[in-house]
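Chemist: Mind having a look at this structure? Questions to follow.
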Amino acid sequence: MNKNHRQMNENANRIDAVIQLNSNEQDKLAIGFQNDNKSDRRNSGRFFGFLLALLLVITGSVNTLAAKWADNIVIDGNSLTFDHPFFQADIMFIGEMLCMVVYFVILLVQRYRWKRQHAANPSRKSCGEDQFKLETEGNLLTSSTFPTIPRFNYFLFAAPAACDVVGTSLQYLGLKLTSAASFQMLRGAVIVFTGVLSMIFLRTRLQAFRWVGIAFIVIGLLIVGVADVMFSGDEKTENTINVIFVFTRYWLRMANDEF
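Yeah, the sequence shown ends on 299 if you go by our numbering, and it's all consecutive.
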């Protein structure tokens, strides 16, 4: 009797050991899958960041070249050119407003997913409106509450929007008076102003390598600015005005960012 009881205990211990081993193996597999998923997400994030930076460079260059090409268009039989920098600024803002179309499309998709998920599982409706949870799913944000348009004081954007309108108009006015290459390089001044104003208003301390980068940018800007100004006659005056316009635009841009 004791022998049978001891045998049963040994068998039970063996079964527990096998179960524990399987559990450990499952945990290792789960950890391995999690690490693989994290690695895949990290790699995809790097690729997406590189792709986004590449698209920003391409679209920014196309934007400048297209605006300069429009400035150089000459009407047949006349000596008039397309001198409408403020109209170009209006077109750019209309293009930015089209981002709202994408926003509302994403909002409609979120609402459709929310309704479908809660229709399949009605118990989730009892989570309460105060509970808020964000999850990444298919590059869209899904919420445990019904997706709605955020409510806030829209007039908070009045001051930065005014700075942006004036700055962008000066930007296209400066582009009219200089080459696209000089204009594009002078736009790098935004980094210098951002660094200086972040120290003043945000109390940020810049590392040494950032100061070195800013110094190289300042040297490049001086070279480009001097090259634009070193002309004779009316061209010198126009290019000097252009440099003033471009730098004024970036001071307004910094004021916009500070707001």
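Where a beta carbon is used, it is the ideal one built from N, C-alpha and C, also for glycine.
Count Cβ pairs between the segment 203-222 and the segment 118-138 that sit closer than 8 Å; are there 3 or more?
Modeler: Enough Cβ pairs lie closer than 8 Å, so yes.
Chemist: Given a threshold of 16 other Cβ atoms within 10 Å of its Cβ, counted over all protein chains shown, does Val14 qualify as buried or as exposed?
Modeler: With the chain covering 41 to 299 only, the question about residue 14 has no answer from this structure.
Chemist: Along the chain, where does the alpha helix (DSSP H) containing Met270 start, and where does it finish?
Modeler: Here Met270 belongs to no alpha helix (DSSP H), and DSSP marks it neither H nor E.
Chemist: Please confirm whether Pro187 and Leu147 have their CB atoms less than 8 Å apart.
Modeler: yes
Chemist: Using the Cα positions of Tyr212 and Ser101, report the straight-line distance between them to the nearest angstrom.
Modeler: 14 Å
Chemist: Got a sec: does the ligand COA put a non-hydrogen atom nearer than 7 Å to the Cβ of Arg191?
Modeler: Ligands displayed in this structure: none; no statement on the ligand COA is therefore possible.
Chemist: What separation, rounded to the nearest whole angstrom, lies between the Cα atoms of Thr244 and Gly235?
Modeler: 8 Å
Chemist: Go ahead and pull the three-state DSSP assignment for Thr234.
Modeler: helix
Chemist: For the segment 77-155, list the alpha helix (DSSP H) runs that are entirely contained and at least 4 residues long, ordered along the chain.
Modeler: 125-137
Chemist: Tell me whether Thr342 is buried or exposed, calling it buried when 16 or more other Cβ atoms sit within 10 Å of its Cβ.
Modeler: The question about residue 342 has no answer, for the chain in this structure spans 41 to 299.
Chemist: Specify whether the segment 91-109 and the segment 191-205 touch according to this definition: at least 3 beta carbon pairs, one from each stretch, less than 8 Å apart.
Modeler: no
Chemist: For Thr208, name the three-state secondary structure that DSSP assigns.
Modeler: helix
Chemist: Using DSSP with H/G/I as helix, E/B as strand and the rest coil, what is Leu217?
Modeler: Three-state result, Leu217: coil.
Chemist: According to DSSP, is Gly228 helix, strand or coil?
Modeler: coil
Chemist: Rounding to the nearest angstrom, what Cα-Cα distance links Gln224 and Ala93 in this structure?
Modeler: 16 Å
Chemist: Could you name the residues of the same chain whose beta carbon sits closer than 6 Å to that of Ala129, not counting the 5 residues immediately before and after it, in chain order?
Modeler: Closer than 6 Å at Cβ, skipping near neighbours: Thr208, Ser209, Tyr212.
Chemist: Please tell me whether Gly228 and Leu262 are closer than 8 Å, where the distance is taken between their beta carbons.
Modeler: Contact: no.
Chemist: Assuming the contact rule is C-beta atoms closer than 8 Å, Glu257 and Ile231 should be a hit. Round their C-beta distance to whole Å, please.
Modeler: Note that residue 257 is Ile in the sequence shown here, rather than Glu. Rounded, the Cβ-Cβ distance is 6 Å, consistent with contact.
Chemist: Looking only at C-alpha atoms, which of Phe126, Val97, Leu96 sits nearest to Ala110?
Modeler: Phe126
Chemist: Classify Val264: buried if its beta carbon has 16 or more other beta carbons within 10 angstroms, exposed otherwise.
Modeler: Label assigned to Val264: buried.
Chemist: Please return the same chain residues whose Cβ sits closer than 8 Å to the Cβ of Val114, not counting the five positions on each side in sequence.
Modeler: Leu120, Thr121
Chemist: On a Cα-Cα basis, can you pick out the residue from Phe87, Met132, Thr185, Val269 that is closest to Arg153?
Modeler: Thr185
Chemist: With a threshold of 16 other CB atoms inside 10 Å of the CB of Ser222, please say whether the residue is buried or exposed.
Modeler: buried
Chemist: What do you get for Leu138, buried or exposed, if any count of 16 or more other CB atoms within 10 angstroms of its CB means buried?
Modeler: exposed
Chemist: So which of Thr99, Gly253, Val149 has the shortest CA-CA distance to Gly135?
Modeler: Distances from the alpha-carbon of Gly135 to those of Thr99, Gly253, Val149 put Thr99 closest.
Chemist: Is Arg245 helix, strand or coil when you go by DSSP?
Modeler: Three-state result, Arg245: coil.
Chemist: Which term fits Leu226, buried or exposed, when burial requires 16 or more other beta carbons within 10 angstroms of its beta carbon?
Modeler: buried
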